[in-house]
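In the numbering used here, the protein residues as written are 8 to 145.
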Amino acid sequence: GGAPSPRSIAMRNKVAQNKGFKAPKRGGPSPIVRLTLTGNHLEYLPPFVGELSALKDLRIDGTLKEPPHHILADGLPSIQTYLRKIGSSRATGTLDLEGMLLSTVQLHYYKLSGLTTLSLSRNDLAEVPHEVIGYKSP
Numbered sequence: 008g009g010a011p012s013p014r015s016i017a018m019r020n021k022v023a024q025n026k027g028f029k030a031p032k033r034g035g036p037s038p039i040v041r042l043t044l045t046g047n048h049l050e051y052l053p054p055f056v057g058e059l060s061a062l063k064d065l066r067i068d069g070t071l072k073e074p075p076h077h078i079l080a081d082g083l084p085s086i087q088t089y090l091r092k093i094g095s096s097r098a099t100g101t102l103d104l105e106g107m108l109l110s111t112v113q114l115h116y117y118k119l120s121g122l123t124t125l126s127l128s129r130n131d132l133a134e135v136p137h138e139v140i141g142y143k144s145p
């Protein structure tokens with residue numbers, strides 16, 4: 008057989024501000040349980056992190072702007088829930104961020120050009136996000 012899949016992936020000092028950042032290859036007998044992304048100056052976590060169901064340890068820097076800081080502070084389950092919502096919206100065209108205590112929304116990081124429905128009810132938004140005002144359907 009081939010080499011076993013890694014249970015831990017470290018991507019330190021490899022990626023500058025999410026340019027060229029791709030999901031690590033998944034599959035095989037050993038799901039990813041630790042993901043280290045320190046030293047990369049990431050501005051956002053890519054949605055695939057929400058799909059890593061076996062992930063128990065996520066190591067990141069304080070440079071992230073997305074997900075919002077209060078979601079990052081809540082820990083891995085909250086981070087993954089938020090990112091799964093972002094990721095699934097690409098396929099469904101619907102993004103439900105209702106009741107997530109958001110004060111800002113920075114969806115431009117995720118390039119969600121196919122959204123047809125966006126729910127931001129019951130948040131702490133002071134204004135309609137710029138991405139929504141300037142949104143043009145494909």
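A virtual CB, placed ideally from N, CA and C, is assigned to each residue, including glycine.
Whose C-beta lies closer than 6 angstroms to the C-beta of residue 83 among residues of the same chain, with five residues either side of it excluded? 65
Is the Cβ-Cβ distance between residue 90 and residue 68 less than 8 angstroms? no
In terms of residues, what are the limits of the beta strand (DSSP E) holding residue 52? Premise fails: residue 52 is in no beta strand (DSSP E) and is neither H nor E.
Have a look at residue 122 and residue 63 and give me their C-alpha separation to the nearest angstrom. 30 angstroms
How about residue 111 and residue 54: do their beta carbons lie closer than 8 angstroms? no
Would you identify the three-state DSSP class for residue 95, choosing helix, strand or coil? helix
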